[in-house]
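If you're matching them up, the sequences are chains A and B in order.
Each residue of the first sequence is one higher than the one before, starting from -12 at the first, in the working numbering.
Each residue of the second sequence is one higher than the one before, starting from 4 at the first, in the working numbering.
From the three backbone atoms N, C-alpha and C, an ideal C-beta is built for every residue, glycine too.
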Amino acid sequence: MALRSINLPGIGTKYELETEKKDVVAVFFLKNGNIQMYTLPHDSSDPSVAELTSAEARRLGTILTGAIMEADRESVEIAFSALSDLRISIHTYTIGKRMANKSLEELQIRARTGVTIIAVSRGEKNVINPPPSFVFHEGDTLVAIGETDQLKTFEREIMVD
Amino acid sequence: MEGIVLALFVCLILALFTKRFALPSIPFYIIAGLLLGESGLELVAADEISRFLTDLGLLFLLFFMGLEIKPGRIWRNQSAFVSSGLIDLHINMILGFLVAYVLGFSLFDAVIIAVAFYISSTAMAVTSLIENHKLLLRESETVVWLMIFEDIVLIIFLAFMGNSGGHPLLIVVKICILLGAIIAITHFGRHYLISILKREDELPVLLTFSAVLGIAALSNTIGVPESFMVIAFGTILGTIDPIAFEIHSRPFKDVFLVVFFVFFGITVNLSSGAIPLFAIIAISLLAILSKFLSGMAIGRYIHKNNHSGIEIWSNTASRGEFSIAIAAIYGSAAVSGTIATMVIITSIIGAFAAKFSGRIQKKFSSLGKPVRPVPGTLETADSGRKDD
């Protein structure tokens, strides 16, 4: 993977990336604030172009970093610049049959995995910081917070059907 | 005053029209000027106010050009652009001079025409590369550096041609003293200047505007070429905060430059010149041809193929703002008429050439003797060249 950047006077800054398969992706940050993205397959000499506003480019960037996964199972990782070894993940899950009709107390989620459930979304309603007596229904979306390893344990021990 | 307003509104309509159809706007402003002024309906004539506004347009064009020039960056890229710049300079300057001289222009006028003939429009080249989605081509870097090289030639030309009498050595000394003073002020007042530029009120704009006018007035008073000084001033300020100065001077440049183009057209008298119309058109067509020759030579030399030559030609064939600037500063009536026509013809042909360069390349390769498959632009490109 070769990345090069170059400043073109009067035009803007160019970033060009050659992938392992020799395809080329180039991004130009133009002086007028817009962004042009070129892709050139290794077996062609005709590039295709997309013009993006900076908001669109940011959105594309988030997708490419992998931060947004499937719509019903999103995950965000937070890192603080002052606390470089603290990495917190926030993840959403959809309740299946196995967890349905059980309360938070019954499931012992925090004690068994270290993960904390911070919110549950049911239809139009959101419950922030649900109490131990809260009972899950099938189809609820829950928001869990923890370290990546803890969330993995949660998926393995509790979510698995 | 009514004349200026009329001209401005005509230009506003033309701007809407040309942006809608992605055409270059400069030739249309000049055509509008020709139709409104001495050569056409004689509805608008230049007066004191319009002359002041056109002066502002020229000053801000040059100041803006100065801001874009980054000596450090040019120094790092010299190998990339000196050879192509020299090819471009020699072919076009010599051809332009010979044609003008043969057609009966005086020695001085022929030099002025040669410079206007040589210098392509940076604005049109940049717009063409962006609008026609050509930024990924290797040739686009070559074109951008060619434009910078041409700018530098223009600066040198302005420095040497700008003096109105006086011993050349004395002028060089004066320029050095003035430049030294500007560099000293910007160096020691750097933090103060930056703090002013960061303000949200009218101060940054007022500072930019009055500084540019102040340098021009000062240059005139002490007898050094103002156009050169304004560019140099832009380059020095570019070392502080080029983006801030660009933002604060852009509105002036945008508006006054349109006034500059339209009033250039208004004051040009096409029918008065001693040079027949066919000769003027011949120069314009030769201007297209000579950029084709230099483009092909650069394409073969740097990118090792003809397709690159056509790409370089199609993006640099347009003459524009700098040719008009040369005509406005030095041109006699006959020279101005010739350059106006050349800008109109080359920029319109250039715009279409740039849009359809792909098809022209295919036509061209079917004409050439050995029909090679079209090589991928990236594989064939300058393998020996280094970019950072």
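Those residues which DSSP pairs with residue i across a bridge
i	result
lysine 1(A)	Ile(-7)(A), Phe15(A)
alanine 66(A)	Arg74(A)
alanine 37(A)	Met24(A)
Three-state secondary structure assigned by DSSP to residue i
i	result
aspartate 59(A)	Unreliable positioning characterises aspartate 59(A) in this predicted model, as indicated by a pLDDT of 47, which lies under 50. The coordinate reading is nonetheless provided below. Aspartate 59(A) falls in the coil class under three-state DSSP.
glycine 323(B)	coil
serine 87(B)	helix
isoleucine 16(B)	helix
serine 90(A)	strand
threonine 79(A)	strand
glutamate 41(B)	coil
glycine 241(B)	helix
aspartate 50(B)	coil
arginine 202(B)	coil
glycine 334(B)	coil
lysine 22(B)	helix
glutamate 153(B)	helix
serine 82(B)	helix
threonine 349(B)	helix
valine 271(B)	coil
arginine 85(A)	coil
asparagine 318(B)	helix
asparagine 95(B)	helix
phenylalanine 248(B)	helix
glycine 111(B)	Contrary to the premise, residue 111(B) reads as phenylalanine rather than glycine in this sequence. Note: phenylalanine 111(B) maps to helix in three-state DSSP.
glutamate 7(A)	coil
leucine 138(B)	coil
isoleucine 158(B)	helix
histidine 306(B)	helix
Nearest neighbour of residue i, chosen from the options [CA to CA]
i	options	result
serine 218(B)	Met127(B), Gln81(B), Ile199(B), Leu59(B)	It is worth fixing the name first, because residue 218(B) is isoleucine in this sequence and not serine. Cα-wise, what sits closest to isoleucine 218(B) is Leu59(B).
leucine 9(B)	Phe20(B), Leu46(B), Lys294(B)	Leu46(B)
glycine 101(A)	Ile77(A), Gln137(A), Gly(-1)(A), Glu7(A)	Gln137(A)
glycine 302(B)	Leu61(B), Leu19(B), Ser143(B), Cys179(B)	Ser143(B)
aspartate 112(B)	Ile122(B), Ser124(B), Gly99(B)	Gly99(B)
alanine -11(A)	Ile(-2)(A), Tyr2(A), Asn116(A)	Tyr2(A)
leucine 216(B)	Ile16(B), Lys256(B), Leu292(B), Ala187(B)	Lys256(B)
arginine 85(A)	Thr0(A), Asn(-6)(A), Glu144(A), Glu5(A)	Glu144(A)
arginine 45(A)	Ser90(A), Pro34(A), Ile22(A), Ile96(A)	Ile22(A)
leucine 4(A)	Ile(-2)(A), Leu(-5)(A), Arg(-9)(A)	Arg(-9)(A)
phenylalanine 84(B)	Arg109(A), Leu(-5)(A), Thr40(A)	Leu(-5)(A)
glycine 40(B)	Ser274(B), Pro74(B), Leu289(B), Ala187(B)	Ser274(B)
leucine 3(B)	Leu26(B), Leu61(B), Phe12(B), Pro245(B)	Chain B is shown only over 4 to 391; residue 3(B) falls outside these bounds and no answer can be derived.
isoleucine 3(B)	Asn95(B), Leu138(B), Val146(B)	Absent from the model: residue 3(B). The displayed extent of chain B is 4 to 391, so no value can be given.
lysine 18(A)	Arg109(A), Gly(-3)(A), Thr40(A)	Gly(-3)(A)
proline 254(B)	Lys294(B), Ala285(B), Pro207(B), Ala282(B)	Pro207(B)
lysine 73(B)	Phe264(B), Phe236(B), Val258(B), Ile250(B)	Phe236(B)
Contact under 7 Å by Cβ, residue i with residue j
i	j	result
threonine 52(A)	threonine 128(A)	no
methionine 24(A)	valine 11(A)	no
valine 271(B)	alanine 343(B)	yes
serine 360(B)	serine 317(B)	yes
valine 227(B)	lysine 177(B)	yes
leucine 70(B)	glycine 241(B)	yes
isoleucine 347(B)	isoleucine 33(B)	yes
isoleucine 115(A)	isoleucine 132(A)	no
alanine 87(A)	phenylalanine 121(A)	no
threonine 341(B)	alanine 320(B)	no
phenylalanine 267(B)	alanine 331(B)	yes
threonine 79(A)	valine 130(A)	yes
valine 338(B)	isoleucine 115(B)	yes
serine 87(B)	leucine 149(B)	yes
valine 118(B)	isoleucine 329(B)	yes
alanine 18(B)	serine 28(B)	yes
alanine 357(B)	asparagine 135(B)	yes
glycine 298(B)	isoleucine 315(B)	yes
threonine 21(B)	phenylalanine 31(B)	yes
glycine 312(B)	methionine 127(B)	no
isoleucine 239(B)	isoleucine 186(B)	yes
serine 76(A)	threonine 135(A)	yes
threonine 103(A)	arginine 109(A)	no
isoleucine 363(B)	isoleucine 291(B)	no
Residue i beta carbon near the ligand FMN (any heavy atom closer than 6 Å)
i	result
arginine 141(B)	Among the ligands in the structure shown, none appear at all, so the ligand FMN cannot be discussed.
Which runs of the alpha helix (DSSP H) fall wholly inside the stretch 95 to 145 of chain A and span at least 4 residues, in chain order?
96 to 100, 135 to 141
Whole runs of the alpha helix (DSSP H) within the stretch 183 to 237 of chain B, excluding any shorter than 4 residues:
193 to 200, 206 to 225
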